[in-house]
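Okay, so the sequence shown: first residue is 112 according to this note's numbering, each after it adds one.
Cβ atoms here follow ideal geometry from the backbone N, Cα and C, with glycine treated the same way.
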Amino acid sequence: MGRAARHTISRMGEQRRSESGFPVKPVYGPEDVAPGLPERLGAPGEFPFTRGPYPTMYTQRPWTMRQYAGFGTARESNARYHQLLAAGTTGLSVAFDLPTQMGMDSDAPLAHGEVGKVGVAIDSVEDMRTLFDGIPLGDVSTSMTINAPASVLLLLYQLVAQEQGVPGHQLSGTIQNDILKEYIARGTYIFPPRPSLRLVADTFAYCRAELPRWNTISISGYHMAEAGATPVQEIAFTLANGVDYVRAALAAGLEIDQFAPRLSFFFVARTTLLEEVAKFRAARRIWARLMRDEFGAKNPKSQMLRFHTQTAGVQLTAQQPEVNLIRVTVQALAAVLGGTQSLHTNSYDEAIALPTEKAARLALRTQQVLAYETDLTSTVDPFAGSYAVEAMTDEIEAAATALMDKVFEYGSAVEAIEAGFQKREIEKAAYQTALQVDSGERVVVGVNRFVLDAEEPYEPLRVDPAIEVEQAARLAKLRAERDNAAVRSALAALRKAAETTDNVLYPMREALRARATVGEVCDALRDVWGTYQPRETF
């Protein structure tokens, strides 16, 4: 295209901006891509992994298809898992209710009204046993979205696997275990940041010895994006948190190539497809250079950034919910074209309530159509060399690196968190987005354009409030039947370990084996480490 034609196009309408604030050009050409592109790209599966962590990507097998699910009791969630496995999902992903995420038992006063509402209630090894009843844990990969008490739920999972006769070295899956983003964007923290980091490092060491195939952390930008972070903020703050986790593990005496291959990440996929593809590519490139150049990682598996993706729940609307099927498809395309290792597609009704069985099945079918009816899996990295995507990748990489530098001006991600920096920056971005939606500058179909006079009726899935009473009864029975002297002794050993530098997961495992509850184990750590009180960011 000639210069005159480009000039004509540039005058057509107001120039658009990306989610991160960069101007999006109507036409991109070779002059928009910085010199040295072959070195910045590399081959798929080779440093700096811009084109993907594996040389064949999806040409030999598609990404892992996970569906995030969990509600009510362990028995109800178990039934949903069996439905998803029968429908063709290739990995389970567990959602826990708010009390479990906060390390509280279902009969705790603060748990009232929240039991089983946004995930499954797990109070003890007996609940975990029911949750995975009839599911061979040696054959399935399980992801657990749990953070402050991540080690507790992982140990419960291991205990149930042992009951099935599955040794630790056969278990595969992921715990989110990313406590730093809780202080930034989500809020389900228990302990202050520094003992929380110690717990993460203890989990790294424990899994290296006991569960070598387990991904010990899923460093998450997803929740920051849900809180309003831009793509640049999402990867900058996530990778900065990753640096702090690496430093904590090194300080605990682990060597970089001992634990770094088990690090994984968790990002969002928005409807802005091109920018999202560029974001994923930039994140891989930044992390590869950090691990090689700053931390001296020699193993290529330590340098590669592997990640799970979830489509953007924050972009789903309660208005005209069926339109969310289209949004989720575009978001899933962005994740696949960006090279994700596993994917969860949101159900179209999640902006209203917990997904119905039909909606969850349609979400999974979206992934299956992309994997088996399109040609996405025919070639590795189809966007490589795209002027637009490569230019956006460079822009995002430069901006994210600069923002990470601002984080580390505080000394570390933890110190920036304690100063409220990340939270403040995300809140500013969220406010700007809200203004754009309110003014109509940012179009949301069915909300500020193409609206209906009246919405069609929809019957959501509802959680039975009697679940709370049932869980409390189960807890009372558990406490009456177990050896309470053994539980008290085990919890005392856990407190003692928390007061020293001993790895707390070993006494924690024995307390859980003695049928201590999630709340009791977390309370023992609260007794030693205290609880976190957030500071105001304004």
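Using a C-beta cut-off of 8 Å, the stretch 342-355 makes no contact with the stretch 631-649, since fewer than three inter-stretch Cβ pairs fall below that distance. Comparing C-alpha distances from I233 to each of I246, S252 and M213 shows the shortest one belongs to M213.
Nearest C-alpha to E468 among A527, R381 and A198: A198.
Here A380 is bridged, per DSSP, to T422.
For Q281 against G249, the beta-carbon gap comes to about 5 Å, under 8 Å, which counts as contact. The stretch 252-277 is shown to contain whole alpha helix (DSSP H) runs of 4 or more residues at 261-274, in chain order.
With contacts defined as CB atoms closer than 8 Å, A443 and L454 qualify as a contacting pair. Residue range T175 to A180 is occupied by the beta strand (DSSP E) that includes Y179. According to DSSP, residue pairing for W325 in a beta bridge involves G284.
Counting the other CB atoms within 10 Å of its CB gives A359 a total of 16 or more, which places it among the buried residues. Beyond the five residues adjoining it in sequence on each side, A470 comes within less than 6 Å, by CB distance, of S458, Y459 and D460 in the same chain, given in chain order. Within the same chain, R319 come within 7 Å of Q369 by CB-CB distance, once the 5 residues on both sides are set aside. Relative to D564, the option among I397, Q431, F406 and P155 whose CA is nearest is Q431.
Fewer than three beta-carbon pairs drawn from the stretch 145-153 and the stretch 520-532 are found closer than 8 Å, and the two stretches are therefore not classed as touching. As computed with DSSP, G202 is found in a beta bridge with R177.
P306 has its alpha-carbon roughly 41 Å from the corresponding atom of A502. Assigned with DSSP and collapsed to three states, F133 falls in coil, not helix or strand. For the pair V263 and V556, the CB atoms are not nearer than the 8 Å cut-off.
F207 has V231 as its beta-bridge partners, per DSSP. In the three-state reduction of the DSSP assignment, V226 falls in the coil class. The beta carbons of A394 and A429 sit no closer together than 8 Å. In summary, A380 is buried, with 16 or more beta-carbon neighbours lying within 10 Å of its beta-carbon over all protein chains present. By the beta-carbon neighbour count (other beta carbons within 10 angstroms, threshold 16), L195 is buried.
G132 counts as exposed, since fewer than 16 other beta carbons sit within 10 angstroms of its beta carbon. A contact is defined here as three or more CB-CB pairs under 8 Å, and the stretch 219-239 fails this definition with respect to the stretch 171-178. Secondary structure at G183: strand, using DSSP grouped into helix, strand and coil. Residue range S453 to H455 is occupied by the beta strand (DSSP E) that includes S453. A Cβ-Cβ separation of about 7 Å places R573 in contact with A464 under the 8 Å criterion.
When secondary structure is reduced to three states using DSSP, R172 falls in the coil class, being assigned neither helix nor strand. Residue burial is scored here from C-beta neighbours: N595 has fewer than 16 other C-beta atoms within 10 angstroms and is therefore classed as exposed. Three or more Cβ pairs closer than 8 Å define a contact, and the stretch 327-338 meets that threshold against the stretch 293-304. Residue pairing by DSSP puts L374 in a beta bridge opposite I328.
Just so you know, the alpha carbons of F160 and T485 end up roughly 24 Å apart. Approximately 30 Å separates the beta-carbon atoms of L291 and R624; this is outside 8 Å, ruling out the contact. According to the DSSP assignment, A530 belongs to no alpha helix (DSSP H), since it is labelled neither H nor E. A straight line joining the alpha-carbon of R637 with that of Y300 spans about 12 Å.
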